[in-house]
Amino acid sequence: MSDSAITTGKTGRGTLYRGDPGMWSWVAHRITGVATFFFLFAHVLDTALVRVSPNAYDEIIATYKTPLVNLLEVGLVGAVLYHALNGIRIMLVDFWEKGARYQRPMLWTILGVWVLVMIPGAYYMLERTITEMFGG
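Written as structure tokens, this is what we have:
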């Protein structure tokens, strides 16, 4: 394999580049941003529905009290939290002169903070649903 194949990441059978945490954080940042956008779009639409048909609005809100939607809410909180923390990391990489040097440790730090916040957050968000489903 030539040096140019290694540098460009092309081997003839696809790419040689498998990704590293920085690439996955980039992908996750885009996915969480798009997911948050679509949630906000749906939220604006269902809130606007109250002016058109209050009964339809009440029916939509009633569907939000299901266990599935509760799981989706936990996912939404996780997405927004990751997107916000990673956004801070990106700003530090862009605007702090030492940011590029510390981008990897900052990534692991924000992931650690994300886990530390999500564990109790998910517990409290899912507590009502688990109690309703399994008793307690």
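To convert, note that position 14 of the sequence shown is 14 in full-length UniProt numbering; the numbers rise steadily by one, no gaps. Where is the CB? At the ideal position from N, CA and C, for every residue including glycine.
query	result
Nearest-angstrom Cα distance between residue 22 and residue 96?	18 Å
Restricting to Cα atoms, I'd like to know which of 91, 132, 104, 80 is closest to residue 118.	80
List the endpoints of the continuous alpha helix (DSSP H) containing residue 47.	21-52
Is the separation between the beta-carbon of residue 219 and that of residue 76 shorter than 9 Å?	Here the chain covers residues 1 to 136 and nothing more, so residue 219 does not appear.
Please report the straight-line C-alpha distance between residue 54 and residue 64, rounded to a whole angstrom.	16 Å
Are residue 103 and residue 115 touching if we call contact CB-CB under 9 Å?	no
Here's the rule: buried if 16 or more other CB atoms are within 10 angstroms of the residue's CB, otherwise exposed. What is residue 123?	exposed
Assuming residue 110 and residue 126 form a contact by the criterion Cβ under 8 Å, report the distance between their Cβ atoms to the nearest whole angstrom.	That pair is no contact at about 23 Å.
What separation, rounded to the nearest whole angstrom, lies between the Cα atoms of residue 78 and residue 56?	29 Å
Just to confirm before moving on: does the CB-CB distance between residue 87 and residue 29 stay below 9 Å?	yes
Please classify residue 64: does DSSP put it in a helix, a strand, or coil?	coil
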